[in-house]
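Asks: Let me begin by handing over the structure; questions about it come next.
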Ligand SMILES: *Cc1c(COP(=O)(O)O)cnc(C)c1O
């Protein structure tokens, strides 16, 4: 079995070793030290100050998105949500459920996010902006400079769902003016599903989170921040997953560091895109793609068949897409423990399936 999916991903051997161990008891000094070490590496790779806070939520990425919106905003806020696909729509749905005041900046199909898209929303008093920096449902990686500029001009807090881009593409939380960043363990980190991590800068903790009163016990960030003072979480985390995260960050650090890690992923993305073209297939070129994945465009409605045959005949897994493109698009991830030759094999098998029809 080989996973070319964006999450869960093809895991690294070192993760299997960690996963096979007894889960230790965690209200200990040793576990706290593991958490501190994990925080340091995470902040280093995220390029944020040591005084940023890390929240360890035992939830999937969506839990991290919802908890962040609940903690950072209330009814006095006015939020702009960038919706360029399913994950942007999810942020909008979260705002709706929590009865927050929000507007949508909608990106049309196959269009990039442009500076002029922000024009109707300038000078309107937005206090927050929500964006999925890599909208994983389309592969589009937004221009962070453009988003940062808007937020700074409007005085809006910038909340970034980096689930599909952190540890996949270049990333700099502080330089890019991000106040809160959400990630999820089964994506860029390539470990088990089960945890969402939220990194918060000092300004959003002091001015928004500490001043907010929220109706939730489990998701109240103030409690998490307080407990992190001694390297702990208020409730039992997915302890084993915390060990996997720690191990993966150290693996990256000890194998050439973050820049090398990103270069390897970029190389796979470029290699695969070249193979696609050589085989007469296409991928979106009207907007910038993340290195995390390549959406493959099909001329005939064969996506389901290719997905099923890759899985059933060859035990190769790729990502289908939802919605109106579901018959014409598949997404191939470039993260996880894969080699360039794995992409040669994948293309070979895809072409076999396509040509037999
Ligand atoms: C995968 C993903 C999520 C979270 O999905 P979960 O299934 O809740 O973990 C959120 N945003 C983006 C951009 C994603 O790619």
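Residue numbers (the numbering used here): 182 to 538. Ideal Cβ placement from N, Cα and C applies to all residues, glycine included.
Within the same chain, show all residues whose beta-carbon is closer than 7 Å to that of residue 495, passing over the 5 residues directly before and after it, in chain order.
Replies: The residue labelled residue 495 in the question sits at position 314 within the chain shown. Cβ neighbours of residue 495 beyond the five flanking positions: 530.
Asks: Where are the beta strand (DSSP E) runs, 3 residues long or more, that stay fully inside the segment 398-478, in chain order?
Replies: As far as the segment 398-478 is concerned, its whole beta strand (DSSP E) runs of at least 3 residues are 474-478.
Asks: Flag residue 472 as yes when its Cβ comes closer than 7 Å to any non-hydrogen atom of ligand 1, and as no otherwise.
Replies: Taking the chain shown and counting its residues from 1, the one referred to as residue 472 is at position 291. Checking every heavy atom of ligand 1 against the Cβ of residue 472, none is found closer than 7 Å.
Asks: What are the boundary residues of the beta strand (DSSP E) that includes residue 338?
Replies: Numbered from 1 along the chain shown, position 157 holds the residue referred to as residue 338. 338-342 is the extent of the beta strand (DSSP E) around residue 338.
Asks: Could you tell me whether the segment 326-334 touches the segment 288-305, where touching means 3 or more Cβ pairs closer than 8 Å?
Replies: Segment contact: the segment 326-334 against the segment 288-305, three or more CB-CB distances shorter than 8 Å; contact assigned.
Asks: Take residue 504 as the anchor and find which of 202, 189, 319, 418 has the nearest alpha-carbon.
Replies: As a first step, residue 504 must be located in the chain shown, where it is residue number 323. Ranking 202, 189, 319, 418 by Cα distance to residue 504 puts 319 first.
Asks: In this structure, how does DSSP classify residue 391 when only helix, strand and coil are distinguished?
Replies: Walking along the chain shown from the start, residue 391 turns up at place 210. The answer is coil: DSSP assigns residue 391 none of H, G, I, E or B.
Asks: Only counting the same chain, and skipping five residues up and downstream in sequence, which positions put a Cβ closer than 8 Å to that of residue 429?
Replies: Along the chain shown, read from residue 1 onward, the residue named residue 429 stands at position 248. The answer, listed in chain order, is 193, 195, 196, 370, 371, 372.
Asks: Along the beta strand (DSSP E) that carries residue 230, what are the first and last residues, could you check?
Replies: The residue labelled residue 230 in the question sits at position 49 within the chain shown. No beta strand (DSSP E) holds residue 230; DSSP gives it neither H nor E.
Asks: Leaving out five residues on either side along the sequence, give the residues of the same chain with a beta carbon under 6 Å from the beta carbon of residue 383.
Replies: Here the question's residue 383 lines up with position 202 in the chain shown. The answer, listed in chain order, is 232.
Asks: Under a three-way DSSP split, which group does residue 361 fall into?
Replies: As a position in the chain shown, residue 361 is number 180, starting the count at 1. The three-state reading of DSSP puts residue 361 in strand, counting E and B together.
Asks: Are three or more beta carbon pairs between the segment 301-310 and the segment 445-454 nearer than 8 Å?
Replies: no
Asks: Pick out every residue whose C-beta is nearer than 5 Å to a heavy atom of ligand 1: which are they, in chain order?
Replies: This criterion selects 241, 242, 243, 268, 313, 317, 342, 344, 345, 365.
Asks: Would you identify the three-state DSSP class for residue 510, choosing helix, strand or coil?
Replies: Translated into the one-based positions of the chain shown, residue 510 becomes position 329. Of the three classes helix, strand and coil, the one that applies to residue 510 here is strand, per DSSP.
Asks: Buried or exposed for residue 481, going by 16 or more other Cβ atoms inside 10 Å?
Replies: For the purposes of this step, residue 481 is identified with residue 300 of the chain shown, where counting begins at 1. Exposed, by the Cβ-count rule.
Asks: Straight-line CA distance for residue 489 to residue 314?
Replies: Position 308 of the chain shown, counted from the first residue, corresponds to residue 489. Position 133 of the chain shown, counted from the first residue, corresponds to residue 314. The alpha-carbon atoms of residue 489 and residue 314 are separated by roughly 30 Å.
Asks: Among 501, 236, 497, which has the Cα closest to the Cα of residue 477?
Replies: Locating residue 477 in the chain shown gives position 296, where the first residue counts as 1. It is 501.
Asks: Can you give me the start and stop residues for the beta strand (DSSP E) that residue 255 sits inside?
Replies: Indexing the chain shown from 1 puts residue 255 at position 74. Where residue 255 is concerned, there is no enclosing beta strand (DSSP E), given that its DSSP letter is neither H nor E.
Asks: Around the C-beta of residue 278, are 16 or more other C-beta atoms found within 10 angstroms, so that it is buried, or is it exposed?
Replies: Your numbering for residue 278 matches position 97 in the chain shown. The residue in question, residue 278, is exposed, as its Cβ has fewer than 16 Cβ neighbours within 10 Å.
Asks: Buried or exposed for residue 419, please, with buried defined as at least 16 other CB atoms from any protein chain shown within 10 angstroms of its CB.
Replies: As a first step, residue 419 is located in the chain shown; it is residue number 238 there, counting from the start. Classification for residue 419: buried.
Asks: Could you tell me the alpha carbon to alpha carbon distance between residue 332 and residue 520, rounded to whole angstroms?
Replies: Walking along the chain shown from the start, residue 332 turns up at place 151. Walking along the chain shown from the start, residue 520 turns up at place 339. Answer to the nearest angstrom: the Cα atoms are 39 Å apart.
Asks: For residue 209 and residue 423, which I take to be in contact (beta-carbon distance under 8 Å), what is that distance rounded to the nearest angstrom?
Replies: As a working note, residue 209 is residue 28 in the chain shown. As a working note, residue 423 is residue 242 in the chain shown. Contact flag wrong, Cβ pair sits at about 13 Å.
Asks: Check whether the segment 211-230 touches the segment 245-255, counting contact only when three or more Cβ pairs, one atom from each stretch, lie closer than 8 Å.
Replies: The segment 211-230 and the segment 245-255 do not touch, with fewer than 3 CB-CB distances between them shorter than 8 Å.
Asks: Flag this pair as touching only if the segment 240-254 and the segment 392-399 have three or more C-beta atom pairs under 8 Å; answer yes or no.
Replies: yes
Asks: Residue 287 lies in the beta strand (DSSP E); which residues open and close that run?
Replies: Working through the chain shown from its first residue, we reach residue 287 at position 106. Residue 287 -> beta strand (DSSP E) spans 282-287.
Asks: Could you tell me which of 533, 535, 516, 536 sits nearest to residue 183, measuring between CA atoms?
Replies: Within the chain shown, numbered from 1, the residue matching residue 183 stands at position 2. Comparing Cα positions, the closest option is 516.
Asks: Can you tell me the Cα-Cα spacing of residue 349 and residue 528, whole angstroms?
Replies: The residue given as residue 349 occupies position 168 in the chain shown. The residue given as residue 528 occupies position 347 in the chain shown. Each residue's Cα considered, the two are about 22 Å apart.
Asks: Report the CB separation of residue 406 from residue 386 in whole angstroms; it is logged as a contact under 8 Å.
Replies: Counting from 1 along the chain shown, the entry for residue 406 is found at position 225. Counting from 1 along the chain shown, the entry for residue 386 is found at position 205. Going by Cβ atoms, the distance from residue 406 to residue 386 rounds to 6 Å, so yes, they are a contact pair.
Asks: What are the uninterrupted segments assigned as alpha helix (DSSP H) that are 4 or more residues long and contained completely in the segment 271-336, given in chain order?
Replies: 325-335
Asks: Beta-carbon within less than 6 Å of residue 367's beta-carbon, same chain only, minus the 5 sequence neighbours each way: which residues are those?
Replies: Looking up residue 367 in the chain shown gives position 186. Taken in chain order, the residues that qualify are 188, 189, 374.
Asks: Within 10 angstroms of its Cβ, does residue 548 collect 16 or more other Cβ (buried), or is it exposed?
Replies: Outside the displayed range of the chain (182 to 538) lies residue 548, so it cannot be described from this structure.
Asks: Looking at the unbroken beta strand (DSSP E) that takes in residue 377, where does it start and where does it end?
Replies: In the chain shown, the residue the question calls residue 377 occupies position 196. From DSSP, the beta strand (DSSP E) with residue 377 extends over 377-381.
Asks: If you drop the 5 nearest sequence neighbours on each side, which residues of the same chain put their C-beta closer than 7 Å to that of residue 269?
Replies: The residue given as residue 269 occupies position 88 in the chain shown. Around residue 269: 262, 263, 313, 316.
Asks: Compare the beta carbon distance of residue 471 and residue 345 with 8 Å and say whether it is the shorter of the two.
Replies: Locating residue 471 in the chain shown gives position 290, counting from the first residue. Locating residue 345 in the chain shown gives position 164, counting from the first residue. Yes. Within cutoff.
Asks: Look at the Cβ atom of residue 239, then the Cβ atom of residue 376, and state whether they are nearer than 8 Å.
Replies: Within the chain shown, residue 239 is the residue found at index 58, counting from 1. Within the chain shown, residue 376 is the residue found at index 195, counting from 1. Yes; because the gap between Cβ atoms is below 8 Å, this pair is in contact.
Asks: Please classify residue 201 as buried or exposed, where buried requires at least 16 other C-beta atoms within 10 Å of its C-beta.
Replies: Here residue 201 refers to the residue found at position 20 of the chain shown. Exposed: under 16 other Cβ atoms inside 10 Å.
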